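Report on the following structure.
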Amino acid sequence: MIRKLVIVLIAFFALQSYGQEGTASPYSFYGIGSLKFKGTVENRSMGGLSIYTDSIHVNLRNPAAYVSPNLSIWNDENRPVKFSVAASNSSLKLKAQSGDSKVSATTFDYLALSIPVGKFGFGFGLVPYTSVGYKLEDSDNNVIQNRYRGEGGVNRAFFGLGYQITKKLSFGVDLNYNFGNIQNSAIEFVYDEDGNLVQYQSRESNRSDLSGLNFNLGLTYKSMISDKLELQAGLTYSPTSDLSSKNERSFATILINQTTGQEFVVNEFDADLEADGLAETDLTLPSRFSFGAGIGAPKKWFLGAEYTLQNTSDFSNPIVSIENANFVNASNISIGGFFVPDYSSFSNYWKRVTYRAGFHFENTGLEINNQAVNEFGMSFGVGLPVGNTFSNANIGFEFGRRGTTDQNLIQENFFNFTLSLSLNDRWFQKLKYN
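Residue numbers (this note's numbering): 1 to 434.
The structure is reproduced here in structure tokens:
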């Protein structure tokens, strides 16, 4: 157990040593950034499907999954404590009517621990909730008019509790503490009559420090519908909540090195947001509902579908107003599953590997210039058994497209590589005396 904990800690600090640039998407300019997928590599490799639950994998999307059945190999006495840590790399090809470019970002995805105690299950961990990371320029006839920069995002620390109501039905609740900051700046370039850049430019800088609580409720249902087939279903609901935002804004006169792009501040002053009632504001986070179901043969295969609806039209941010963008209700459909050739094979390692695949179609809820920003993705991955217990290393690949070049928007063709360690061990064992 100590060795496994050391592995987790080494992996965590190794991941944190990367520059945490969670996204390179220009669409993170809107709202509080691009919404991160709160799920494991296993979920993501099945098109985002999160309704499947078992005793050896963490499920971050449904708190009822903290409860799972005891393992027959342990005489049905208990089930393992589960750890999981993950990172991902995203490569984007950005395509616009004026040209294209390539960007990438590497990020820590989650750290989670799930502990079973009788009919209860506890879970806690840390995941990114949203991420901001854009560098945009607005030009006219190849002459830069404006430059926009943004970074930061919102992280989520969660504590969850699950309870087994019956052998088939479980209920759970997550308490999430959201925290982080978003920083952005905008520079308006000014030119003289000859088209030469003037010496001094103006820059507006904003910073919002965000914090707040919200809940996520979940149900899971599992039942054998025949001798070989099992039905699994899941439901989650997160009510509307608020984030408290403490805001700062400043204006500066700057010099720009035209060779390196470095900015030098000549003078700067802070805006009086207090007078406008914008020093402290509340952001409304929309409610979210998901439901899905699937069938499969335990330890052999599973196929399911899941639908998610998020009332993104309820989102509001008083500190930022963008004329050409608005939010509508978002939705997502995920279809996916897995296959294990022979779970108990000892002679052939690859027969014990879990093979996953799936796809999803998402309406992100963002409309720009009256054009919806949609996303389609396909994914696949493998779960590689590690050691003599139920631990595994999970590798996932995802590729797809977000957005369009219509209405002067940007189309993102993305490829994501994800890697996680899912570690399990038996902590609580009944002692027997002869």
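For each residue, glycine too, the CB sits at the ideal point set by N, CA and C.
Bear in mind the structure is a predicted one, so any value in this text is a computation, not a measurement.
(request) For residue 194, name the three-state secondary structure that DSSP assigns. (result) coil
(message) residue 262 and residue 197 - do their beta-carbons sit closer together than 8 Å?
(response) no
(request) Could you check what DSSP says for residue 155 in three-state terms: helix, strand or coil? (result) strand
(request) Output the boundary residues of the beta strand (DSSP E) element that contains residue 230. (result) 230-238
(request) Return the CA-CA distance between residue 349 and residue 417, expressed in angstroms with no decimal places. (result) 23 Å
(request) Helix, strand or coil for residue 89, going by three-state DSSP, please let me know. (result) strand
(request) From the DSSP output, read off the bridge partner residues of residue 128. (result) 155
(message) Please report the distance separating the alpha-carbon of residue 98 from that of residue 28.
(response) 20 Å
(message) Whole angstroms are fine: how far does the CA of residue 217 sit from the CA of residue 438?
(response) In this structure the chain extends from 1 to 434, so residue 438 is not present and cannot be described.
(request) Taking all protein chains shown into account, decide if residue 46 is buried (16 or more other Cβ within 10 angstroms of its Cβ) or exposed. (result) Residue burial annotation: residue 46 is buried, with at least 16 other C-beta atoms found within 10 angstroms of its C-beta.
(request) Could you check which residue in 358, 92, 39 has the C-alpha nearest to that of residue 86? (result) 39
(message) Between which residues of its own chain and residue 405 is the CB-CB distance below 8 Å, once the five residues before and five after are set aside?
(response) Within the same chain, residue 405 has close Cβ partners 95, 96, 97, 411.
(request) Run the CB neighbour count on residue 277, radius 10 Å, all protein chains shown included, and call it buried at 16 or more, exposed below. (result) exposed
(request) Indicate the three-state DSSP secondary structure (helix, strand or coil) for residue 29 in the structure shown. (result) helix
(message) Count Cβ pairs between the segment 221-236 and the segment 176-185 that sit closer than 8 Å; are there 3 or more?
(response) no
(message) Tell me the rounded alpha-carbon separation between residue 157 and residue 173.
(response) 14 Å
(request) Examine the ligand COA and report whether any of its heavy atoms sits within less than 7 Å of the Cβ of residue 184. (result) The ligand COA is not part of this structure, which contains no ligands at all.
(request) Assess, as a yes-or-no matter, whether the segment 243-257 is touched by the segment 267-281 under the definition of 3 or more beta carbon pairs within less than 8 Å. (result) Proximity of the segment 267-281 to the segment 243-257 meets the contact definition, three or more beta-carbon pairs being nearer than 8 Å.
(message) Short of 6 Å in beta carbon distance, which residues of its chain neighbour residue 204, apart from the five on each side in sequence? Order them along the chain.
(response) 186, 251
(request) Taking the CB atoms as reference points, tell me whether residue 355 and residue 376 lie closer together than 8 Å. (result) no
(request) Assign residue 398 to buried or exposed, taking buried as 16 or more other Cβ atoms, counted over all protein chains shown, within 10 Å of its Cβ. (result) By the 10 Å Cβ count, residue 398 comes out buried.
(request) Find the nearest neighbour of residue 58 within the set 48, 83, 79, 37, judged by alpha-carbon distance. (result) Taking residue 58 as reference, the option from 48, 83, 79, 37 with the minimal CA-CA separation is 83.
(request) Name, in chain order, the residues that DSSP records as bridge partners for residue 122. (result) 115, 161
(request) Tell me the start and end of each unbroken alpha helix (DSSP H) in the segment 367-395 that is at least 4 residues and wholly inside, in chain order. (result) none
(request) Please go through the same chain and pick out, in chain order, the residues whose beta-carbon is closer than 6 Å to the beta-carbon of residue 386, but skip the five residues on each side of it. (result) 392, 393
(message) Going by C-alpha to C-alpha distance, which of 136, 212, 199 sits closest to residue 283?
(response) 212
(message) Given this structure, state the Cα-to-Cα distance separating residue 25 from residue 181, to the nearest angstrom.
(response) 17 Å
(request) Tell whether a beta-carbon distance below 8 Å holds between residue 396 and residue 353. (result) no
(message) Measuring alpha carbon to alpha carbon, tell me which residue in 229, 126, 295 is nearest residue 337.
(response) 295
(request) Give the straight-line distance between the Cα atoms of residue 177 and residue 35, rounded to the nearest whole angstrom. (result) 16 Å
(request) Determine the closest residue to residue 132 out of 138, 152, 331, with distance taken between C-alpha atoms. (result) 152
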